[in-house]
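Read the structure below first, then the notes.
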Amino acid sequence: MTGLPATMRALRLHAWGVPPALVEVPVPQPVGEEVLLRVEAAGLCHSDLHVMDAAEGVLPYELPFTLGHEVVGTVVATGDAAGDDLVGGRYAVHGIWACGSCRRCRTGRENHCPSLSGPVGAGLGRDGGLADFVLVPSARHLVDAEGVDPVALAPLTDAGLTAFHALRPHRELLAGARVVVVGVGGLGHLALQLLAAAGPAEVVAVDPRPEARELAARLGATRSVGSVLDAAALVAGAGGPDADLVLDFVGSPETVGALPSLVGPGGQVALVGSAGGRITVAKGAELPRGWGVAAPFWGTRDDLEAVVALAGAGLLHAETETHSLDDAPAAYDRLRTGAVSGRAVVVPTPHSD
Ligand code: NAD
Ligand code: ZN
Ligand code: ZN
Numbered sequence: 003m004t005g006l007p008a009t010m011r012a013l014r015l016h017a018w019g020v021p022p023a024l025v026e027v028p029v030p031q032p033v034g035e036e037v038l039l040r041v042e043a044a045g046l047c048h049s050d051l052h053v054m055d056a057a058e059g060v061l062p063y064e065l066p067f068t069l070g071h072e073v074v075g076t077v078v079a080t081g082d083a084a085g086d087d088l089v090g091g092r093y094a095v096h097g098i099w100a101c102g103s104c105r106r107c108r109t110g111r112e113n114h115c116p117s118l119s120g121p122v123g124a125g126l127g128r129d130g131g132l133a134d135f136v137l138v139p140s141a142r143h144l145v146d147a148e149g150v151d152p153v154a155l156a157p158l159t160d161a162g163l164t165a166f167h168a169l170r171p172h173r174e175l176l177a178g179a180r181v182v183v184v185g186v187g188g189l190g191h192l193a194l195q196l197l198a199a200a201g202p203a204e205v206v207a208v209d210p211r212p213e214a215r216e217l218a219a220r221l222g223a224t225r226s227v228g229s230v231l232d233a234a235a236l237v238a239g240a241g242g243p244d245a246d247l248v249l250d251f252v253g254s255p256e257t258v259g260a261l262p263s264l265v266g267p268g269g270q271v272a273l274v275g276s277a278g279g280r281i282t283v284a285k286g287a288e289l290p291r292g293w294g295v296a297a298p299f300w301g302t303r304d305d306l307e308a309v310v311a312l313a314g315a316g317l318l319h320a321e322t323e324t325h326s327l328d329d330a331p332a333a334y335d336r337l338r339t340g341a342v343s344g345r346a347v348v349v350p351t352p353h354s355d
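The opening residue of the sequence shown carries number 3 in our numbering; numbering runs sequentially from there.
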């Protein structure tokens, strides 16, 4: 590992319910299949706020660890079993560091690997990309991203990937459909772009922030409203609620509570946001005939390859604002107060070299 510094900066979570701190830690040395990347860009996800706000014992993660699960970087060193040919290449990191050998992993469903009941991967229980360097356990978690802008790409490794994976089962339903997108933040603004390509007849975007509604309109939403109540009024048909698909990127008691007033017969719900809302799923209960509810989790490596290809073809582009690693805590504050449009991305430019 010639030419690499001995230490690096990392934004680490040291205690539950306490903001993370930027500290100096050793640069990890890759062994075996491990790969070391210099981080070019790392996105800040709303899930990080849920993680840092969690009470002790809620999440199965040991502290401390480095945050950052939307990571793009350049390989600078590899372990003996990883292969030197990776060095110098730009890669998107698939942050789900699953076992790789169970039934689900072997059939390309590594986002449902039982081992993820503990730490999930990069920045979620294991050291992630809000640092100068990130150690990835194996090259199988890397997707070639040569020629793609790292800042625009970083949010696609989770926000874009999760939106893609949430929409994937509904592809056939989308043409000519009526879709409601709740929350036009990091995930929602990328879902709108994916929808624009899929051909629904009508997309209603919901967000209380006027800037988010403007962004939604720019990204092809047919209508943009400020609350789920307004959306319910808009999608009501003669016989009651009439949306074919609701993508809930908030998941709060308010938004989840509104689902029965949005979803029409045969309507589908993708509950992606994690803000504590609950819904009763039972026949003849709150939702109309033919309902389907899914709570999709992140996405597979194959999905990430598809998402990187969409980015490379110019079809999926994250709106970003950039921050230095020193400013990452302030950027999280902006995310918390709703000041970020699209995604905040940290570019950990070295202090000196
Ligand atoms: P974000 O902060 O970038 O965006 C959230 C958006 O929702 C903001 O624009 C905000 O103004 C809007 N909003 C807030 N309250 C609202 C309401 N009542 N009605 C409509 N809009 C409202 O967040 P993000 O990074 O896009 O993440 C969204 C959610 O998805 C978070 O809960 C996050 O933890 C979760 N998430 C889940 C997965 C998964 O795999 N299931 C992956 C990533 C993120
Ligand atoms: Zn996330
Ligand atoms: Zn597995």
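Yeah, the Cβ is synthetic: ideal placement off N, Cα and C, and Gly gets one too.
Rounding to the nearest angstrom, what Cα-Cα distance links Thr109 and Thr164 in this structure?
19 angstroms
Suppose the cutoff is 6 angstroms on Cβ atoms and the five residues either side in sequence are ignored; what does the same chain contact list for Pro116 look like?
none
Can you tell me whether Val206 is helix, strand or coil according to DSSP?
strand
Pick helix, strand or coil for Leu337, following the three-state DSSP scheme.
helix
Kindly confirm or deny that the segment 26-36 and the segment 125-141 touch, where touching means at least three C-beta pairs closer than 8 angstroms.
yes
Roughly how many angstroms lie between the CA atoms of Ala198 and Ala320, to the nearest whole one?
14 angstroms
Is the beta carbon of Asp250 sitting closer than 8 angstroms to the one on Gly266?
no
Through-space distance from Val348 to Phe326, alpha-carbon basis:
In the sequence under discussion, the amino acid at residue 326 is Ser, which differs from the Phe named in the question. So the two alpha carbons sit approximately 5 angstroms from each other.
In chain order, what residues of the same chain lie with their CB nearer than 7 angstroms to the CB of Asp355, ignoring the 5 residues before and after it?
For Asp355, the pLDDT reaches just 46, beneath the cut-off of 50, and the residue's location in the model is therefore unreliable, although a value from the coordinates is still provided. So the list is empty, once near-sequence residues are dropped.
Return yes when at least one heavy atom of ligand 1 lies under 7 angstroms from the C-beta of Arg105, else no.
no
Runs of beta strand (DSSP E) lying entirely within the segment 76-105, each at least 3 residues, in chain order:
92-95
Taking DSSP as the reference, what is the three-state secondary structure of Gly15?
The residue asked about is misnamed: residue 15 is Leu in this sequence, not Gly. In the structure shown, Leu15 sits in a strand (DSSP, three-state: E or B).
Between the CA atoms of Ala240 and Ala333 - distance to the nearest angstrom:
45 angstroms
In angstroms, rounded to a whole number, what distance separates the CA positions of Val25 and Pro66?
11 angstroms
Can you tell me where the beta strand (DSSP E) with Arg44 in it begins and where it stops?
According to the sequence shown, residue 44 is Ala rather than Arg. Val37 to Leu46 is the span of the beta strand (DSSP E), which, as asked, contains Ala44.
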